[in-house]
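Numbering (my numbering), first residue to last: 25 to 158. For every residue, glycine included, the Cβ atom is placed at its ideal position computed from N, Cα and C. Only one structure is covered here, and it is reproduced in the block below.
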């Protein structure tokens, strides 16, 4: 750990890998989010939380973890294997239904995005539209 900067040791750095993967950098929490389609339902998706640990110095690694599927009425805290990360996931996802409802409440078509602060969202959707048009 002495070769790492304070930021690498303490901070959680979020990377967005198009189209659907979000690995977190740094040493604090080797976590990755992945979002997948939920069949043909455009109103929902499947969110996965994975821990991606480095191999041990001797090259060994643990057995693959079993997959736990949570129902719509369950919280991330119902998956004890997530540990304290479940609390963060519950806080981060608790408001998603309200956000989706709010996005559809406007009478005007589309979503209004801030010019700078939400430029990554705009770029993401422009790139996604370009791929879908192929």
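What number of angstroms, rounded off, separates the C-alpha of residue i from the C-alpha of residue j?
i, j, result
"residue 136", "residue 152", "17 angstroms"
"residue 144", "residue 138", "10 angstroms"
"residue 96", "residue 90", "19 angstroms"
"residue 98", "residue 69", "15 angstroms"
"residue 87", "residue 80", "13 angstroms"
Pull the bridge partners of residue i from the DSSP assignment, please.
i, result
"residue 71", "59"
"residue 49", "37"
So, under 8 angstroms CB-CB, residue i and residue j are touching, yes? Tell me the CB distance rounded to an integer number of Å.
i, j, result
"residue 105", "residue 92", "7 angstroms"
Under 7 angstroms from any heavy atom of the ligand COA, does the C-beta of residue i make it?
i, result
"residue 123", "Here there are no bound small molecules, and the ligand COA is not part of this structure."
Under a three-way DSSP split, which group does residue i fall into?
i, result
"residue 38", "strand"
"residue 66", "strand"
"residue 91", "coil"
"residue 147", "helix"
"residue 125", "helix"
Please determine if the stretch 39 to 57 and the stretch 68 to 87 are in contact, where contact requires at least 3 C-beta pairs separated by less than 8 angstroms. yes
Sufficient close CB pairs (3 or more, under 8 angstroms) joining the stretch 37 to 51 to the stretch 142 to 157: Contact between the stretch 37 to 51 and the stretch 142 to 157 is present: 3 or more CB-CB pairs across the two stretches fall below 8 angstroms.
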